[in-house]
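Number of protein chains: 2
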Amino acid sequence: MDKQWIIDTIGQFAKIGIGEKGITRLAFSDEEQQAKEYATKLMQQAGLVVRVDAAGNVIGRLEGTAEDAKVVLTGSHLDTPPDGGRYDGVVGVVGGLAAIKELMARGPLDNHVELVVFSAEESSRFGYATIGSKAMVGLANPAMWNRAKDQDGMSLNEAAARLGFSFADLKDAIQDAEKIKAFVELHIEGGPLLERTQHSIGIVEAIAAPTRLRIVIDGQAAHSGSTPMDERQDALVSAAMIVLAVQEIALGHQHEGTVATVGIMRVFPNAMNVVPGRVELGVDIRGVNHSSVIDTLQDIKDAISTIADGQETPVSIEVLVSEKPVVLDDDLVLTVEGVCHELELSFLRMNSGAGHDTMNMARIVPAGLIFIPCHEGISHNIDEYAAPEDILNGVAVLTETLYKLAK
Amino acid sequence: MDKQWIIDTIGQFAKIGIGEKGITRLAFSDEEQQAKEYATKLMQQAGLVVRVDAAGNVIGRLEGTAEDAKVVLTGSHLDTPPDGGRYDGVVGVVGGLAAIKELMARGPLDNHVELVVFSAEESSRFGYATIGSKAMVGLANPAMWNRAKDQDGMSLNEAAARLGFSFADLKDAIQDAEKIKAFVELHIEGGPLLERTQHSIGIVEAIAAPTRLRIVIDGQAAHSGSTPMDERQDALVSAAMIVLAVQEIALGHQHEGTVATVGIMRVFPNAMNVVPGRVELGVDIRGVNHSSVIDTLQDIKDAISTIADGQETPVSIEVLVSEKPVVLDDDLVLTVEGVCHELELSFLRMNSGAGHDTMNMARIVPAGLIFIPCHEGISHNIDEYAAPEDILNGVAVLTETLYKLAK
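Protein sequence lines, in the order shown, are assigned to chains A and B. For the first sequence, the residue numbers in our numbering are 176 to 582. For the second sequence, the residue numbers in our numbering are 176 to 582.
Here's what the structure looks like:
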């Protein structure tokens, strides 16, 4: 395994979309496209045959020799949130290619091995996550996606079309599950558990799915100097109460593996001398236990209703996304566990709080997700860091897992 | 008095900068300039001689006949916050011109009468209020103003220069206080007191001055799915606590005539799947009792310090503006009171929570401020409304006050 190549190549991707505060390669942006093109070049250099599907997923293929060969699929994504880090997604793409290069060096395999770079895994730009893998498993919803717009008013469909991907043909991106033996993704944990418990590898048993809300609070814009405190309908005061209610409710459900975050707040008119008349919030609720997520959602709705009434600021709640948690393949968990034993790497069976493309692949094929530690659990941030040793351990586990599946 | 002309002319100004959600004529914008040019045309049509000073203040003059004539000055502003209303500022400009036209009809006056349209009264665009009147009384701070930028990164100096006003020459805009007899402004209350107590006229005794803070909360951006609730440093949770603390502290100081508002909040990176890493707040504190404002400020600072420590999210506080409340001229209050008696209009002596150009003029000359009721106290908003009868009462009081001062 060419260890230096792995670390150097991750460094090369980190140059694409780099800014002062982090790396920005938003879904279906020029930067994401540039990263995909660089990945294409690397795959071709390695001898893979590369194709691109209607969702913009890039797939490189190593042909197997058996007559009944199936596809062993690995991969991850190259897009980032605004000011994201170097490792989220990239580790799985570069690690996947390094693994395939190692397998090629071992000689012909019975099964095909494919590396996929999924489009648009992050939801930051359009509010929808894992677009590429959804398209691949037939979960695309182009009508809904078409209504999603970025901050500049560009729709998801338009952004994809600008790069030459036709969402009208998304059905062509659907993979035949019969032809796929398994999917395995390598990814940084994006949480603090492995580092804190000093494990080299996380073997994911279940992935939490997001429920997402758009909340609009209507107050009454008024002059900040001449409106008495007790005559205001300050939308920001109600919004602050909602932020704290979401925090408190999530703390109460944390033992069930559920978290909730107000990640988005927009204040109108957002001027020093005007009592805020309207506030928009984006809330993200996640858990591996679906009934806990449902309970959390209901608690949040109840709290909002109480705040809206008490403050006389009407609040509307729109559920943008509500996905079920996904349980991953038991046999694959055991296979990865066996590899960790062989390589003498400490491992932890765990859940993933973050959604991943694996979540969608698991709906049609046996799927597995391998985590490596990342520093202080930081991700989606320039401070995101995975140690070279941990990355190489992860690639080694991925390599042997793919080998067992493909040989 | 041409009553229909007053109402129609206010309607003409309302067309400039009109959008779906209100009227937007920001400080030193093309829209403010267009409104000033329309006012210039109206002044010239009325027979006034119009000049423009280095701060962009437009001044129309009616010549007095006495050898020792002084200037009796009236006026207001034509800029608005984003999505503002029809009456804030405009009533004082149109009403001032209507009053002068009425005085002209009564024949020559001993003193000169001038109508001023002050530049940039609202702070929404650059964070500094009453720019034009500050320049006129020698309170300009072009070095500080030069650092102020709007949301598009344009500095206040650049915005003024783009319209042909040179802030390098601001000293030329300073008026000689010896030559001015008095300043009187007519304005909507922008608060609910007159309507609620059913008075036609408010006679302002003191004007609250703003203290303004920029607060930056530094948390730790993190993945919203994989970061446990109890390991977060969520800047928005701290910000929400600060919003509620400001509200609670201000409610406690309300009986002293002090109010406080969080009007601005910006969240970074403001994405659905990222725990907010940084939040910026803009806080506006106002009162007519300076020691109450100071106490409120200290209480807010103390609360922020406690929140910053408890949440492990460092907070920095920058005092952008801290102005002293202004007490207006006693004699002018009595003069206006006398006019109200003569016209048989109910009046209320009161304070102004909002800042006005009068505040600056009062530093160098005897100054008075006349309020008319506005519906539900709403201003800085498309729903801002002053009844034609109330406007005409205000213009009548202004006319007679100017007449007593100028005859």
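Beta carbons: idealized from backbone N, C-alpha and C, even for Gly.
Problem set entry | Validate contact between the stretch 487–495 of chain A and the stretch 339–353 of chain A using beta carbons, cut 8 Å, 3 pairs | no
### Task
Quick one: measure Cβ to Cβ for asparagine 332 (chain B) and glycine 400 (chain B), integer angstroms, because I've assumed they're closer than 8 Å.
By 1-based counting over the second sequence, the position of residue 332 (chain B) is 157. By 1-based counting over the second sequence, the position of residue 400 (chain B) is 225. 46 Å between Cβ atoms; not a contact.
Which residues bound the beta strand (DSSP E) around lysine 354 (chain B)? Within the second sequence, residue 354 (chain B) is the residue found at index 179, counting from 1. Careful: lysine 354 (chain B) lies outside any beta strand (DSSP E) and carries neither H nor E.
- Query: What is the C-beta distance between glycine 259 (chain A) and glycine 186 (chain A), in whole angstroms, given that I count them as a contact (C-beta under 8 Å)?
  - Reply: Numbered from 1 along the first sequence, position 84 holds the residue referred to as residue 259 (chain A). Numbered from 1 along the first sequence, position 11 holds the residue referred to as residue 186 (chain A). Actually they are not in contact, since the Cβ atoms of glycine 259 (chain A) and glycine 186 (chain A) sit about 16 Å apart, beyond 8 Å.
Out of A:Ile553, A:Asp504, A:Thr433 and A:Val412, state which residue places its alpha-carbon closest to the alpha-carbon of proline 583 (chain A).
-> Outside the displayed range of chain A (176 to 582) lies residue 583 (chain A), so it cannot be described from this structure.
Please state the DSSP three-state secondary structure of threonine 471 (chain B).
Counting from 1 along the second sequence, the entry for residue 471 (chain B) is found at position 296. Three-state DSSP puts threonine 471 (chain B) in a helix.
- request: Could you name the residues of chain B that proline 444 (chain A) contacts, counting a contact when the two beta carbons are closer than 7 Å?
  value: Reading the first sequence from its first residue, position 269 is the one you call residue 444 (chain A). Within 7 Å Cβ-Cβ: Pro256, Pro257 and Asp258.
Taking C-beta pairs closer than 7 Å, name the residues in chain B that aspartate 484 (chain A) reaches, listed in chain order.
Position 309 of the first sequence, counting from 1, holds the residue named residue 484 (chain A). The contacting residues do not exist; aspartate 484 (chain A) stays about 17 Å from chain B at best.
According to DSSP, what are the bridge partners of glutamate 455 (chain A)?
-> Within the first sequence, numbered from 1, the residue matching residue 455 (chain A) stands at position 280. DSSP lists A:Val391 and A:Arg441 as partners of glutamate 455 (chain A).
- Query: CB-CB under 6 Å to glycine 239 (chain A), same chain, minus the five flanking residues each way: which ones, in chain order?
  - Reply: The sequence position of residue 239 (chain A) within the first sequence is 64, counting from 1. For glycine 239 (chain A), where only same-chain residues beyond five positions count, the Cβ hits under 6 Å are Leu284, Asp285, Asn286 and His287.
Exercise. Between the C-alpha atoms of isoleucine 417 (chain A) and alanine 529 (chain A), what's the straight-line distance to the nearest angstrom?
Worked result: Here residue 417 (chain A) refers to the residue found at position 242 when the first sequence is read from its first residue. Here residue 529 (chain A) refers to the residue found at position 354 when the first sequence is read from its first residue. Each residue's alpha carbon lies about 23 Å from the other.
Cross-chain neighbours of threonine 436 (chain B) in chain A, by beta carbon under 7 Å:
As a position in the second sequence, residue 436 (chain B) is number 261, starting the count at 1. Those are Ser399 and Val450, listed as they occur along chain A.
- Give, in chain order, every unbroken run of the beta strand (DSSP E) that is at least 3 residues long and sits entirely within the stretch 529–554 of chain A. 542–547
Output yes or no for whether 8 Å exceeds the beta carbon distance between valine 511 (chain B) and valine 572 (chain B). To locate residue 511 (chain B), count along the second sequence from 1; it is residue 336. To locate residue 572 (chain B), count along the second sequence from 1; it is residue 397. Yes. Within cutoff.
**Item:** Residues within the stretch 550–574 of chain A neighbouring chain B, beta-carbon criterion of under 7 Å
**Value:** Gly552, Ile553, Ser554, His555 and Asn556
Worksheet item: Exposed or buried, which one is serine 480 (chain A) when buried takes at least 16 other CB atoms within 10 Å?
Response: On the first sequence, position 305 is the one that residue 480 (chain A) refers to. So serine 480 (chain A) ends up on the exposed side.
ask   = Quick one: which chain B residues come within Cβ less than 8 Å of serine 299 (chain A)?
value = The residue you call residue 299 (chain A) lines up with position 124 of the first sequence. Residues of chain B passing the Cβ test: Pro444, Ala446, Met447, Asn448 and Val449.
Collapsed DSSP secondary structure at valine 154 (chain B) in the structure displayed:
Not covered by the structure: residue 154 (chain B). The range shown for chain B is 176 to 582.
Margin query: Tell me the rounded alpha-carbon separation between glutamate 559 (chain A) and alanine 348 (chain B).
Written below: Here residue 559 (chain A) corresponds to residue number 384 of the first sequence, with the count starting at 1. Here residue 348 (chain B) corresponds to residue number 173 of the second sequence, with the count starting at 1. If I take the Cα positions, the gap works out to 54 Å.
Handout entry: Beta-carbon proximity list for alanine 414 (chain A), same chain, < 7 Å, skipping 5 on both sides
Key = By 1-based counting over the first sequence, the position of residue 414 (chain A) is 239. Here the set comprises Ile392, Met440, Val454 and Leu456.
Please return the same chain residues whose Cβ sits closer than 8 Å to the Cβ of alanine 221 (chain A), not counting the five positions on each side in sequence. Translated into positions along the first sequence, residue 221 (chain A) becomes position 46. Hits under 8 Å: Gly235, Leu272, Ile275, Lys276 and Met279.
* At a CB-CB cut-off below 9 Å, which residues of chain B make contact with proline 403 (chain A)? -> In the first sequence, the residue the question calls residue 403 (chain A) occupies position 228. Ordered by position in chain B, the residues that pass the 9 Å Cβ test against proline 403 (chain A) are Gly366, Pro367, Leu368, Gln429, Val434, Gly528 and Gly552.
Extent of the continuous beta strand (DSSP E) to which asparagine 620 (chain A) belongs: Because chain A is modelled from 176 through 582, residue 620 (chain A) falls outside the range shown and cannot be assessed.
Query raised in the report: With 8 Å set as the bound, which would you pick, yes or no: does the beta-carbon of isoleucine 225 (chain A) sit closer than that to a beta-carbon of chain B?
Result: Position 50 of the first sequence holds residue 225 (chain A). In the sequence on display, residue 225 (chain A) carries valine and not isoleucine. No, valine 225 (chain A) does not count as interfacial toward chain B.
| query | In angstroms, rounded to a whole number, what distance separates the CA positions of histidine 374 (chain B) and leucine 472 (chain A)? | reply | Looking up residue 374 (chain B) in the second sequence gives position 199. Looking up residue 472 (chain A) in the first sequence gives position 297. The alpha-carbon atoms of histidine 374 (chain B) and leucine 472 (chain A) are separated by roughly 49 Å.
inquiry  = Tell me the DSSP secondary structure of histidine 252 (chain A) in three-state form.
reply    = In the first sequence, the residue the question calls residue 252 (chain A) occupies position 77. Note: histidine 252 (chain A) maps to strand in three-state DSSP.
By the criterion of Cβ-Cβ separation under 8 Å, what are the contact partners of valine 502 (chain A) in chain B? To locate residue 502 (chain A), count along the first sequence from 1; it is residue 327. Neighbours of valine 502 (chain A) on chain B: none; closest Cβ ~16 Å, over 8 Å.
| message | Short of 7 Å Cβ to Cβ, which residues in the stretch 338–367 of chain A face chain B? | response | Glu364, Gly365, Gly366 and Pro367
Other residues of its chain near glutamate 517 (chain B): CB distance less than 8 Å, five sequence neighbours each side excluded:
The residue labelled residue 517 (chain B) in the question sits at position 342 within the second sequence. Once the five neighbours on either side are set aside, the close Cβ partners of glutamate 517 (chain B) are Glu575.
- Check the Cβ-Cβ distances between glutamine 422 (chain B) and every residue of chain A, and say whether any is below 8 Å. Position 247 of the second sequence holds residue 422 (chain B). Yes, its Cβ sits closer than 8 Å to a Cβ of chain A.
- What residues from chain A crowd round glutamate 406 (chain B), counting only those whose CB sits closer than 8 Å? Residue numbering aside, residue 406 (chain B) sits at position 231 when the second sequence is read from its first letter. What glutamate 406 (chain B) touches in chain A: Pro367 and Gly552.
Checking the sheet assignment: what are the DSSP bridge partners for proline 385 (chain B)?
Counted from its first residue, the second sequence places residue 385 (chain B) at position 210. In the DSSP output, where bridge partners are listed per residue, proline 385 (chain B) has B:Arg461.
**Study point:** Contact list for glycine 302 (chain B) against chain A, beta-carbon separation under 9 Å
**Key:** Mapped onto the second sequence, residue 302 (chain B) falls at position 127. Correct list: Met447.
Is it buried or exposed, arginine 461 (chain A), if we count other Cβ atoms within 10 angstroms and call 16 or more buried?
Sequence index remark: in the first sequence, residue 461 (chain A) carries index 286 (1-based). Classification for arginine 461 (chain A): buried.
Quiz prompt | Neighbourhood of alanine 189 (chain B) by C-beta distance below 7 Å, restricted to the same chain and skipping five residues each side | solution = Mapped onto the second sequence, residue 189 (chain B) falls at position 14. Same-chain partners within the cutoff: Ile198 and Arg261.
Hey, out of A:Val291, A:Thr386 and A:Ala304, whose CA is closest to methionine 218 (chain A)'s CA?
Here residue 218 (chain A) refers to the residue found at position 43 of the first sequence. Out of A:Val291, A:Thr386 and A:Ala304, A:Val291 has the C-alpha closest to the C-alpha of methionine 218 (chain A).
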